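Report on one structure; see the data block that follows.
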Amino acid sequence: MLGGLAAGLAHPPFGLLPGLLGYGLFMRAVETTGPRPLRSSFFRGWLAGLGYFAISVWWITEAFLVDAAAHGWMAPFALLFMAGGLSLFWGVAGLLYRVADVRGPWRVLVFAGIVALAEWTRGHVFTGFPWNLPGETWRAGGPVSQASALIGPYGLTWVTVAAAAAFALAFDRGGRAARILPPALAAAVLLALAGFGAWRLQGAPPVSDGAPLIRIVQANIDQKDKWRPENLDAIIDTYVSLSRTPAGASPQIVVWPEGALPAVIDDLLAPGSPYAARLASAVEPGQSLLLGANRADYAPDGGVDYFNSLIALRRTAVGLQVTGVYDKHRLVPFGEFLPFGELATSLGIRSLVHMPEDFTAGPEPGPMRARGMPPVQPLICYEALFPRFAENAAVRAGLRPRWLLNVSNDAWFGATSGPWQHLNIASYRAIENGLPMVRSTPTGVSAVIDAYGRAPAERRLGLGAVGVIDARLPPAISATPYNFIGETAFAMMLLLSLAIVGFRHLGRR
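Numbering (full-length UniProt numbering), first residue to last: 1 to 509.
Dropping the structure here:
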């Protein structure tokens, strides 16, 4: 468990990189199991995972305390279910590593392959939850994180775990050379990655003065207050006022975060609605407003489908015109929909969404092409966790977007490590795709991120801040190797780990 806790603390915002040595502690703990090695290996792997995921996802309890009367009782069970359930992947990894039974220095590559495969599985089974992959331990925008443009986060997970575990070999029995060489090689690999990243960052193109000027609005409206009906007018006034903040240049695009307004957007923009003109006043003619909103699709039979959407609006002489709609495709289990809905409902469990019913998943995603702005790939909250989500959408549409837009309601996380972790994870999507990202949240952290994952302080609003970010859209760069080869490099790493297992067992025979 100590090894898992240490590895979890290596992630931002803690950034205690010596904690990476926890992977070596995890490996050694599995190697020293007692008279029931298989059961013990699984349990020790599960304990390592429990420490890691308790650090990584403890913020989940905050979401259940937003409406404590209805959901507060679920908070401790949610953390136990989430951390304990995710730890099962590491338990299986511990078991498989014990079954592989590879000895000598090559075993670190086997251990890395098994852990990386467990993390890939975690990111894909059911709906997938690739939060805080070991490869995303490195601060996005830093030198080592640039390797994600080559091998992706799963490949970087394999490299990170292998290099970290190699330092545990310094405590093996044997000659000095056998104990010193593996850690030395691991340090050399990490230095090589850092050198590549530093070289890549030197080639970053400057931001053009002719690039679109974008304004991100962060109103800092607490999730506990947002859904009170009496607050709707004040919330709209706050967003409109911030959107009209005087500046030296007028922004072409104004961005509001996911679920900015506590109402269905169709009702707010309906003819005769008193809110339509107020929303239109947020932008000038010719400006575009991108806002995260709840959308309703009314069927002829009286049924209603609700969507978590990004709406593109353009101000014209007569008001706001809808120029694009993107419906969230990957929904958050228990947050936006209930798996096994009827069974969960019978147990008294309901999703956290503030709507009459669960959200409906949108169609297969693709870039949004709206008048007055370059093509953009929206990533609504949870969708920013998934590697290759934007690339797959671009391939389906036959169009590479000019930028990524991540609107997220991180107010659910409160003032915890969650929003900072989400910023770091989302920034990896910019690195992998070679595309800048605009990130808008209601309470922080909002940022303009360049194609290398960097979001300097002047292009960032932290937790609890009220204000706007005005920034030119950073340039896109050429498609990255990861765009072209996908997980091919990661698959070759897994094959190498498997080949070592095969050769070692064949050698014994």
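Heads up, the beta-carbon is just placed ideally off N, CA and C, and yes, glycines get one too. A quick note: this is a predicted structure, and the numbers were derived from the prediction, not measured.
Asked, Found
"Outcome for LEU157 when other beta-carbon atoms lying within 10 angstroms are tallied against a minimum of 16", "It should be pointed out that residue 157 corresponds to Thr in this sequence rather than to Leu. By the 10 Å Cβ count, THR157 comes out buried."
"Spatial distance of PHE334 from VAL395 (CA atoms)", "30 Å"
"Three-way DSSP call (helix, strand, coil) for SER56 in this model", "helix"
"Contact belief for VAL445 with ARG460 at Cβ below 8 Å, rounded distance in angstroms", "6 Å"
"Presumed contact (8 Å Cβ cut-off) between LEU405 and LEU290, rounded CB distance", "7 Å"
"Selection from PRO374, PRO456, ARG173 that minimises the alpha carbon distance to ARG139", "PRO456"
"Delimiting residues of the alpha helix (DSSP H) encompassing ILE221", "Looking at the DSSP string, ILE221 is not in any alpha helix (DSSP H), and its letter there is neither H nor E."
"Own chain residues within Cβ distance below 6 Å of GLY259, not counting five before or after", "GLY292, ASN409"
"Burial state of THR160 (16 or more Cβ within 10 Å)", "buried"
"Start and end residues, beta strand (DSSP E) containing PRO378", "376-380"
"Residues sharing a beta bridge with SER446, DSSP", "LEU461"
"Cα-Cα separation, SER87 to GLY319", "52 Å"
"SER208 (DSSP reduced to helix, strand or coil)", "coil"
"Reduced DSSP category for THR480 - H, G, I as helix; E, B as strand; rest coil", "coil"
"Simplified DSSP assignment, three categories, for LEU338", "coil"
"Candidates PRO143, ILE236, ILE216, of which the one nearest ALA192 by Cα", "PRO143"
"Complete runs of the beta strand (DSSP E) confined to the region 395-437 [at least 3 residues]", "403-407"
"Contacts around VAL108, its chain only, beta-carbon distance under 6 Å, and the 5 residues preceding and following it disregarded", "ALA162, ALA165, ALA166"
"Terminal residues of the beta strand (DSSP E) in which VAL468 lies", "467-472"
"Backbone secondary structure at ASN132 - three-state DSSP", "coil"
"Rounded Cβ spacing between ARG369 and PRO378 (contact assumed at less than 8 Å)", "So it is not a contact: roughly 12 Å between Cβ atoms."
"CB-CB length for VAL217 against VAL30, believed under 8 Å", "That pair is no contact at about 49 Å."
"Contact belief for VAL207 with PRO475 at Cβ below 8 Å, rounded distance in angstroms", "7 Å"
"Segment contact, 8 Å Cβ cut-off, at least three pairs: the region 3-20 with the region 51-62", "yes"
"For PHE307, the first and last residue of its enclosing beta strand (DSSP E)", "304-316"
"Cβ-Cβ distance between GLU391 and ASN483 below 7 Å", "yes"
"Beta carbon proximity, LEU463 to chain B, threshold 7 Å", "No chain B appears in the structure shown, which is made up of a single protein chain."
"Per-residue DSSP class, three states only, for THR33", "coil"
"Proximity test, LEU201 beta-carbon vs the ligand GDP heavy atom, cut-off 6 Å", "Among the ligands in the structure shown, none appear at all, so the ligand GDP cannot be discussed."
"Rounded Cβ spacing between PHE196 and GLN146 (contact assumed at less than 8 Å)", "6 Å"
"ARG371 to MET493 span [Cα, whole Å]", "44 Å"
"Status (buried if at least 16 other CB within 10 Å, exposed otherwise) for GLN202", "exposed"
"Nearest to MET373 (by Cα), restricted to the options LYS328, ALA211, LEU95", "ALA211"
"Span separating the alpha-carbon of ILE55 from that of SER440", "25 Å"
"Distance between LEU79 and TRP58 (C-alpha atoms, nearest Å)", "6 Å"
"Bridge-paired residues (DSSP) for ASP327", "SER309"
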